[in-house]
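If you read the protein sequences in the order shown, they are chains C and U. Taking my numbering, the leading residue of the first sequence gets 3, the next gets one more, and so forth. Taking my numbering, the leading residue of the second sequence gets 27, the next gets one more, and so forth. Take a look at the structure set out below.
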Amino acid sequence: MTTFADYTNISTGLFVDWYIENYSEGSGVYANNFRFSDYHRYVEFAGDTVPVGSVQTKDGYLPLQRLLSISPSKNQVQTSGDNVTITINAYEAGDYRSMSWLRNSRIEGSEITIKRAVFDDQGELLPLTIGNPVGRFKGFVESYTLRDSYDLGTGKSDTVLTLQIEDYKNYLTKKVTGRKTARPNRGGWLTGFEETVPGLQSPVLQYDQSMNNVVKIAGAKFEWGKGD
Amino acid sequence: MSFFENLSKIAEGITNASNFVEGLKNVSIGENIANKVAGSVLKTQTPKEPVDPETSSTTVTLDPSVENVVPICYGTGITKGIVVDAALDADNQSIWISFVLSEKTGNKIDGTPSEITFNRIFIDGYEAQFDTDGVTVVSKRDTAGTVDSSINGLIKVYCYNNGSDNQTFPFGSFGTATPAYNIFPGWNSGFKYYNFVFAVVKVTYSQEKDLTYLPDFAFELVNTMTDPGDVLYDYLSSKIYGAGIADAEINK
Numbered sequence: 003m004t005t006f007a008d009y010t011n012i013s014t015g016l017f018v019d020w021y022i023e024n025y026s027e028g029s030g031v032y033a034n035n036f037r038f039s040d041y042h043r044y045v046e047f048a049g050d051t052v053p054v055g056s057v058q059t060k061d062g063y064l065p066l067q068r069l070l071s072i073s074p075s076k077n078q079v080q081t082s083g084d085n086v087t088i089t090i091n092a093y094e095a096g097d098y099r100s101m102s103w104l105r106n107s108r109i110e111g112s113e114i115t116i117k118r119a120v121f122d123d124q125g126e127l128l129p130l131t132i133g134n135p136v137g138r139f140k141g142f143v144e145s146y147t148l149r150d151s152y153d154l155g156t157g158k159s160d161t162v163l164t165l166q167i168e169d170y171k172n173y174l175t176k177k178v179t180g181r182k183t184a185r186p187n188r189g190g191w192l193t194g195f196e197e198t199v200p201g202l203q204s205p206v207l208q209y210d211q212s213m214n215n216v217v218k219i220a221g222a223k224f225e226w227g228k229g230d
Numbered sequence: 027m028s029f030f031e032n033l034s035k036i037a038e039g040i041t042n043a044s045n046f047v048e049g050l051k052n053v054s055i056g057e058n059i060a061n062k063v064a065g066s067v068l069k070t071q072t073p074k075e076p077v078d079p080e081t082s083s084t085t086v087t088l089d090p091s092v093e094n095v096v097p098i099c100y101g102t103g104i105t106k107g108i109v110v111d112a113a114l115d116a117d118n119q120s121i122w123i124s125f126v127l128s129e130k131t132g133n134k135i136d137g138t139p140s141e142i143t144f145n146r147i148f149i150d151g152y153e154a155q156f157d158t159d160g161v162t163v164v165s166k167r168d169t170a171g172t173v174d175s176s177i178n179g180l181i182k183v184y185c186y187n188n189g190s191d192n193q194t195f196p197f198g199s200f201g202t203a204t205p206a207y208n209i210f211p212g213w214n215s216g217f218k219y220y221n222f223v224f225a226v227v228k229v230t231y232s233q234e235k236d237l238t239y240l241p242d243f244a245f246e247l248v249n250t251m252t253d254p255g256d257v258l259y260d261y262l263s264s265k266i267y268g269a270g271i272a273d274a275e276i277n278k
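Spelled out as structure tokens, the structure:
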């Protein structure tokens, strides 16, 4: 069995696959994969292909090196909620300035997969028994922040994109909360949903009045049995 | 002499309430306490005014909330449900209450629709027995088989297992289905209760039969969806109460 102890020099990198199902730069919406890593060179893993039509045409992972930082994640056998922060320092030079896609794409809910790969001193993937690369984290972007700064002295600007990512467990915990006995909640859920329910037509469900009286009767006093 | 020894000695000589209080004072347990006891024990009870059946009533308050979450019943379970609506009849003699009991669950993995039925209904912990119309309670019965018919005709329970248009009846009962919005005061066809399993109860006030309080209701539901795999699939796929994951993304 091949282990790390068999090698004198190894290097490692984190490889991020960011899948945005509803990607747009202003006109047209399509699926797109961004692939990047904190490794020092471009790497392609066997079997990885980006969807046809992606902005990123290469199947591999672009080296962002020190422009990319990824926070630590939990490492335990039992499934537990976890979150990770990815920070991308997008310096002025090159096309990194063009961030309009952030406004037009649905970033929240996009999918992040982070793998870790280990290389030998020749930059080749190590043939490890456990597999290489191995999965490290998989989750969804919960929110993101974009910070721009401009240095008046040097005339240089800097853009930092930070992604807050929740893993599947946290994501499902937030999503599986049930239906509340409240009118707005029902309306929100059912808008557009009714089309998939045979025999029920829009917009009737949207205006289901079942929960209309919940607020009205809360704390109300009913004089039950009182004669006229 | 200890406190309890004193008390037991006093107890031996009790013949009436004043004697008891004097005993307490005599053994110096505490003047203050003894005076309070005297105040309560010796107080003359004011007889209550006889209740006029024409004017007596019970003030009912309920605690619905928009923060309540609708439960989901898989397998067999007993639930008290969540109050979401209430109203009085025009003469104030009957109160109507709507309880949401469960979401209607979806299809099993093999595509078979699940179905929730009402098995037993409990009133104050006793199993309700129904008349031939399937909604009017004629009696309640305890586990030993003792039947109490004092509530005969005063309580009606209408069960719905998939919105207002789908009335069903407790196990062993039958009747003519009526949409919920045709029976509940103030409702119209907009009260669809889409995808809800719910019950409407009507309780008629009666001093004569001692039904002047709102009984405690509990409903035993039976869902045909019982297998863990089906339940997990339903929870993952439901767009209303579950994760809403697309069918294609679930490895069934």
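Even for Gly, the Cβ is constructed at its ideal location relative to N, Cα and C.
Requested in this report: Report yes or no: do three or more beta-carbon pairs, one from the segment 223-233 of chain U and one from the segment 79-98 of chain U, lie closer than 8 angstroms?
Outcome: Contact between the segment 223-233 of chain U and the segment 79-98 of chain U is established, with three or more Cβ pairs separated by less than 8 angstroms.
Requested in this report: Assuming C:A33 and C:P53 form a contact by the criterion Cβ under 8 angstroms, report the distance between their Cβ atoms to the nearest whole angstrom.
Outcome: That pair is a contact at about 5 angstroms.
Report task. With 9 angstroms as the C-beta to C-beta threshold (strictly closer), list the residues of the segment 131-142 of chain C near chain U in chain order. Result -> The segment 131-142 of chain C vs chain U, Cβ under 9 angstroms: nothing.
Report task. Could you please give me the residues that DSSP links to C:V86 through a beta bridge? Result -> Its beta-bridge partners are C:I167.
Report task. Specify the secondary structure class of U:S263 as computed by DSSP and reduced to three states. Result -> It is helical.
Requested in this report: Check each candidate in C:D19, C:G221, C:E27 and name the one with the smallest Cα separation from C:S102.
Outcome: Among C:D19, C:G221, C:E27, the Cα nearest to that of C:S102 belongs to C:E27.
Query raised in the report: Hey, U:V96 and C:T87 are a contact pair by Cβ (cut 8 angstroms); roughly how many whole angstroms apart?
Result: Beta-carbon to beta-carbon, U:V96 and C:T87 are separated by about 35 angstroms, too far to satisfy the 8 angstroms threshold.
Query raised in the report: Would you call the CB atoms of U:N249 and U:F222 closer than 9 angstroms?
Result: Not in contact: U:N249 and U:F222 (Cβ atoms no closer than 9 angstroms).
**Report entry** Distance between U:I276 and U:T183 (C-alpha atoms, nearest Å)
**Finding:** Residue identity check: residue 183 of chain U is Val in the sequence provided, not Thr. If I take the Cα positions, the gap works out to 40 angstroms.
Query raised in the report: How many Å lie between C:S36 and C:T10 at the Cα?
Result: It is Phe, not Ser, that sits at residue 36 of chain C in the sequence shown. Near 33 angstroms, if we compare the C-alpha coordinates of C:T10 and C:F36.
Requested in this report: Less than 8 angstroms between the CB atoms is what I'm expecting for C:Y41 and C:G62, so what's the real figure, rounded?
Outcome: Their Cβ separation, rounded to whole angstroms, is 10 angstroms, which puts C:Y41 and C:G62 out of contact at 8 angstroms.
Query - Contact under 9 angstroms by Cβ, U:P211 with U:D115 - result: Result yes, Cβ atoms of U:P211 and U:D115 sit closer than 9 angstroms.
Query raised in the report: What separation, rounded to the nearest whole angstrom, lies between the Cα atoms of U:G107 and C:D169?
Result: One Cα belongs to U:G107, the other to C:D169, and the distance between them is close to 33 angstroms.
Query - Chain-ordered neighbours of C:N172 on chain U, where CB pairs are closer than 8 angstroms - result: Simply none; closest approach about 12 angstroms.
Query raised in the report: Got a sec? Which residues, its chain only, sit under 6 angstroms from C:G55 by beta carbon, not counting five neighbours each side?
Result: If we look at C:G55 and ignore the five residues flanking it on each side, its Cβ neighbours are Y32.
Requested in this report: Return helix, strand or coil for U:L258, following the three-state DSSP convention.
Outcome: Under the three-state reduction of DSSP, U:L258 is assigned to helix.
Report task. For U:Y259, verify whether its CB is less than 8 angstroms away from any heavy atom of the ligand FAD. Result -> Ligands displayed in this structure: none; no statement on the ligand FAD is therefore possible.
Query raised in the report: Is U:I149 near U:K166, with beta carbons less than 9 angstroms apart?
Result: Contact flag set, yes.
**Report entry** Contact list for C:V31 against chain U, beta-carbon separation under 7 angstroms
**Finding:** The premise fails here: C:V31 is roughly 17 angstroms from chain U at the closest Cβ pair, so nothing lies under 7 angstroms.
Requested in this report: Please check the pair U:F224 and U:L127, which I expect to be a contact at CB under 8 angstroms, by giving their CB distance rounded to whole angstroms.
Outcome: Contact flag correct, Cβ pair sits at about 6 angstroms.
**Report entry** Span separating the alpha-carbon of U:D260 from that of U:G268
**Finding:** Their backbone Cα atoms lie some 7 angstroms apart in a straight line.
Query raised in the report: Counting Cβ pairs closer than 8 angstroms, one from the segment 129-138 of chain C and one from the segment 155-173 of chain C, do we hit at least three?
Result: In short, these stretches do not touch, since the Cβ pair count stays below three.
**Report entry** Assigned secondary structure, C:S102 (DSSP; H/G/I helix, E/B strand, else coil)
**Finding:** C:S102: helix per DSSP, three-state reduction.
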